[in-house]
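Residue numbers (full-length UniProt numbering): 1 to 148.
All C-beta atoms, glycine included, are put in the ideal place defined by N, C-alpha and C.
Set out below in structure tokens:
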């Protein structure tokens with residue numbers, strides 16, 4: 001957020017999902033699905049998984065804390081601290097053709113509000129990119145913490 005309370009413009013797609021995140025008070029992340037190797041998955045970090053990021057505009061590799069919740073693929077971490085801190089390798093840019101969006105909620109958020117946020121995100125993306133195809137899938141953790 002800027003001092004006057006507005007969001008900085010980054011990219012039209014990023015601006016849309018940031019606005020949804022603020023409007024619904026839910027973490028929203030966008031990823032370039034074509035940059036993934038293997039399936040995206042939510043995991044508990046061991047602490048040795050590489051995470052490509054930038055520090056002072058320079059590329060660096062960091063590692064999550066053991067026990068940290070991460071999104072990852074077969075290469076390494078794609079997002080840290082759930083989907084709060086996105087990595088460089090899978091971030092969205094203007095060349096992305098296949099996008100994947102993550103909206104994360106806790107039980108305190110009514111499921112209807114999560115669905116509304118997802119539907120609004122899809123609606124705005126389709127306004128920006130007429131003809132874009134989208135689907136919404138709800139993932140839930142089971143008692144062991146595995147997504148289903």
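Relative to the C-alpha of residue 95, which residue among 115, 51, 25, 129 is closest? In terms of CA proximity to residue 95, 129 leads the group 115, 51, 25, 129.
Do the region 70-77 and the region 29-43 make contact, defined as three or more Cβ pairs closer than 8 angstroms? Between the region 70-77 and the region 29-43 there are three or more C-beta pairs closer than 8 angstroms, enough to call the two in contact.
Only counting the same chain, and skipping five residues up and downstream in sequence, which positions put a Cβ closer than 7 angstroms to that of residue 118? The residues are 103, 136.
Under 9 angstroms, do residue 88 and residue 66 count as touching if we go by C-beta distance? It is not a contact, given that the beta carbons lie outside the stated cut-off.
In three-state terms, what does DSSP make of residue 13? Correct three-state label for residue 13: helix.
Measuring only the C-alpha atoms, how far is residue 132 from residue 126? If I take the Cα positions, the gap works out to 6 angstroms.
To the nearest angstrom, report how far apart residue 18 and residue 77 are at their CA atoms. Taking the straight line joining both Cα atoms gives about 21 angstroms.
Opposite residue 138 in the DSSP bridges: which residues? Per the DSSP secondary-structure output, residue 138 pairs with nothing in a beta bridge.
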